[in-house]
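Asks: Following our numbering, the numbering of the sequence shown begins with 27 at its first residue and continues without gaps. This is the structure, below, for whatever I ask next.
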Amino acid sequence: MPEDHRHCIVCGRAIEPDKFFCSPSCEDIFKKQRKRMAYSRLIMMVIFIALFLLILFSA
Numbered sequence: 027m028p029e030d031h032r033h034c035i036v037c038g039r040a041i042e043p044d045k046f047f048c049s050p051s052c053e054d055i056f057k058k059q060r061k062r063m064a065y066s067r068l069i070m071m072v073i074f075i076a077l078f079l080l081i082l083f084s085a
């Protein structure tokens, strides 16, 4: 029976059950991805609000 483990959320390698990342580089990659996703969500919200205001005031 395999010992308890989990997988790195970035690269999928088997790691100890109390860790989320296999290395500091995977942790850095995850932080950069999370920051990029937050920025993308912000830009998308700004675009939606701008389109809403454009439609609202053009009528």
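For glycine and all other residues, C-beta sits at the position ideal for the given N, C-alpha and C. All values derive from a computational prediction rather than experimental measurement.
So if DSSP puts R32 in a beta bridge, which residue, or which two residues, is it bridged to?
Replies: Answer is I41.
Asks: With H, G and I counted as helix, E and B as strand and the rest as coil, what does DSSP make of F47?
Replies: F47 falls in the coil class under three-state DSSP.
Asks: To which residues of the same chain is I55 closer than 7 angstroms at the C-beta, ignoring the five residues directly before and after it?
Replies: Cβ within range, chain order: V36.
Asks: Rounded to whole angstroms, what's the CA-CA distance from R60 to L68? Just pull it up for me.
Replies: Straight-line Cα distance between these residues: approximately 12 angstroms.
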